[in-house]
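Chains as they are written, first to last, in our numbering: chain F, 3 to 222; chain P, 32 to 324.
The beta-carbon is built from N, C-alpha and C at its ideal position, and this holds for glycine as well.
What you are looking at is a predicted structure, and each value in this text was computed from that prediction instead of being measured.
This report concerns only the one structure given below.
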């Protein structure tokens, strides 16, 4: 079941005018920002389907930029996000794509800071709820509704078990977990949705495990 | 967890509990949260709804494009001064539904119910019922849990996205949710709530999403008006004991399949329907300039 809470239906509290095009877009931007973990200096938004056709009217552009700046859906600064971007040294571009994807409200965000780059595909599925479908070429399914950690690792036996064991030692319960890889034996990604926020110590210990390359977390 | 309306009604009958209580208990068990936390979150949402509806009734709100604003206020003033044709309760709901959506179009703060484009229907009917039925604060909160329970079923079995299913998925869902909630507040049974939802949604089937200039304004604000009035009529029908020949879950399924076969020009792309009329296109040019596609 895609929707699990009554507050997915009665909510979110948000700045208008569209839950899918404004609040959903802001949430995708916010997840991207959390995954990038620092202030980006540039972002390129590739819009598909209804996003591409109506993004200006719905404030999708304003909301995506607001999300990248770290604004929540009900942040009063949202309507002035372009100005805030300018003040924060963030440049951005929008690209209307013609391709038809599975879901009509899709955005591909490419962002970076001159040192690192990241690419993410997000979908706004309705009522402000979102899913992340792709991260740096990995397929995944991440709702952004629960705290989650993403672990980039080498595709070797035992790595998944060692991460799960570490979480168990820290008494963190796994709600949903997915593993994907681009090629056998190469780089792989674990997406782990958990019930509670993960402390810095556990994050550090996870990143020190053998074959683990990078650990990122996002929270509600 | 209930997966459909039939299961929801069955749980109510087995446990002798109202729909709102089943929804509250499910939220507690699925998310491991206390009753107090859940109730206070819903109270905050109710507060946002109240502020938005009042603002739209009192203030002359205006959207950035200038296409909408002030009609909720205008209708409210008309009601105060005239012996209206459709009656005070009906127009109270309608004016507050429009007012909420005008605030939304003006990039004001609202609570999505289930979406922003359809955010007027549930609060509009709720605040009209507040005057008509004089509910307790708790009953007002429960109204939102009943709405949420039915929206939850629609979202999981069909869609609440105009881009995926057209306006029937947004205002259609909202009107069904509101109809069911009115019934519980008015003292009807869970089964009657389900009937009201079915009757309300049936009369929104096929409704397309065709926003002029791609804005959540025309025809969205007035569709919220009719979503609210439709909910009131459906609730009265159900309370009178009138039943939908097609069960609620099958109506939801029909809505889903209609959405699937709806052309993309009529699913929030702003390319068909009212958006494609000569006047609709002219507004788009005025707002975004002649260069806009």
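Shown here, residue 189 of chain P sits in coil according to DSSP, grouped into three states, outside any helix or strand. Any Cβ of chain F closer than 8 Å to the Cβ of residue 206 of chain P would place that residue at the interface, and such an atom is absent. With a 10 Å radius around the Cβ and a threshold of 16 neighbouring Cβ atoms, residue 132 of chain P comes out buried. By the Cβ rule, the segment 281-301 of chain P counts as touching the segment 48-64 of chain F, because three or more pairs are nearer than 8 Å.
By the Cβ-count criterion, residue 91 of chain F is exposed, with fewer than 16 other Cβ atoms from all chains shown falling within 10 Å of its own Cβ. Contact with chain P is found for residue 60 of chain F, since one of that chain's Cβ atoms lies less than 8 Å from the residue's Cβ. Put simply, the CB of residue 93 of chain F is far from chain P, with every gap to its CB atoms at 8 Å or more. Rounded to whole angstroms, the gap between the alpha carbons of residue 175 of chain F and residue 24 of chain F is 32 Å. Taken through DSSP and simplified to helix, strand or coil, residue 26 of chain F comes out as helix. Under DSSP, residue 107 of chain F forms a beta bridge with F:51. By the Cβ-count criterion, residue 135 of chain P is buried, with 16 or more other Cβ atoms from all chains shown falling within 10 Å of its own Cβ.
Straight across, the Cα-Cα distance linking residue 98 of chain F with residue 87 of chain F is about 21 Å. Annotated as distal: residue 88 of chain P and residue 117 of chain P, with beta-carbon spacing of 8 Å or more. When only Cα atoms are considered, residue 82 of chain F and residue 64 of chain F end up about 8 Å apart. Around the Cβ of residue 159 of chain F, a 10 Å sphere holds fewer than 16 other Cβ atoms; the residue is exposed.
A residue is called buried once 16 or more other Cβ atoms fall within 10 Å of its Cβ, and residue 169 of chain P, having fewer, is exposed. The Cβ-Cβ distance between residue 19 of chain F and residue 152 of chain P does not fall below 8 Å. The beta-carbon of residue 25 of chain F is placed less than 8 Å from the nearest beta-carbon of chain P.
At the C-beta level, residue 120 of chain F and residue 38 of chain F come within 8 Å of one another.
Closest in C-alpha terms to residue 155 of chain P, from the list P:194, P:302, P:63 and P:81, comes P:81. Within chain P, the C-beta atoms nearer than 7 Å to that of residue 17 of chain F come from 138 and 140, in chain order. The three-state reading of DSSP puts residue 292 of chain P in helix, counting H, G and I together. Taken in chain order, the members of the segment 281-313 of chain P whose beta-carbon sits within less than 8 Å of a beta-carbon on chain F are 295, 298, 299, 300, 301 and 302. One finds 76, 142 and 143 in chain P with Cβ atoms closer than 7 Å to the Cβ of residue 13 of chain F, taken in chain order. Residues of chain P whose Cβ lies closer than 9 Å to the Cβ of residue 107 of chain F are, in chain order, 192, 194, 195 and 299.
Listed in chain order, the beta strand (DSSP E) runs fully inside the segment 78-151 of chain F are 93-98, 107-114, 119-128, 131-137 and 140-144, counting runs of at least 3 residues. Of the other Cβ atoms in all chains shown, 16 or more fall within 10 Å of the Cβ of residue 185 of chain P; this residue is therefore buried. Taking CB atoms only, residue 196 of chain F has no neighbour in chain P less than 8 Å away.
Within the same chain, Cβ atoms closer than 6 Å to the Cβ of residue 233 of chain P are found at 282, the five residues on either side in sequence being excluded. Its Cα nearest to that of residue 194 of chain F, the residue F:144 stands out among F:73, F:183 and F:144. Per the coordinates, the alpha-carbon of residue 33 of chain P lies some 17 Å from the alpha-carbon of residue 63 of chain P. About 18 Å separates the beta carbon of residue 245 of chain P from that of residue 105 of chain F, a gap too long to meet the 8 Å contact definition.
Along the segment 125-139 of chain F, the positions whose C-beta sits under 9 Å from a C-beta of chain P are 126, 127, 128, 129, 130 and 131, read in chain order. When rounded, the separation of the alpha-carbon atoms in residue 143 of chain P and residue 73 of chain F is 18 Å.
F:68 is the residue among F:68, F:213 and F:21 whose C-alpha sits nearest the C-alpha of residue 36 of chain F.
Secondary-structure assignment with DSSP links residue 189 of chain F through a beta bridge to F:156.
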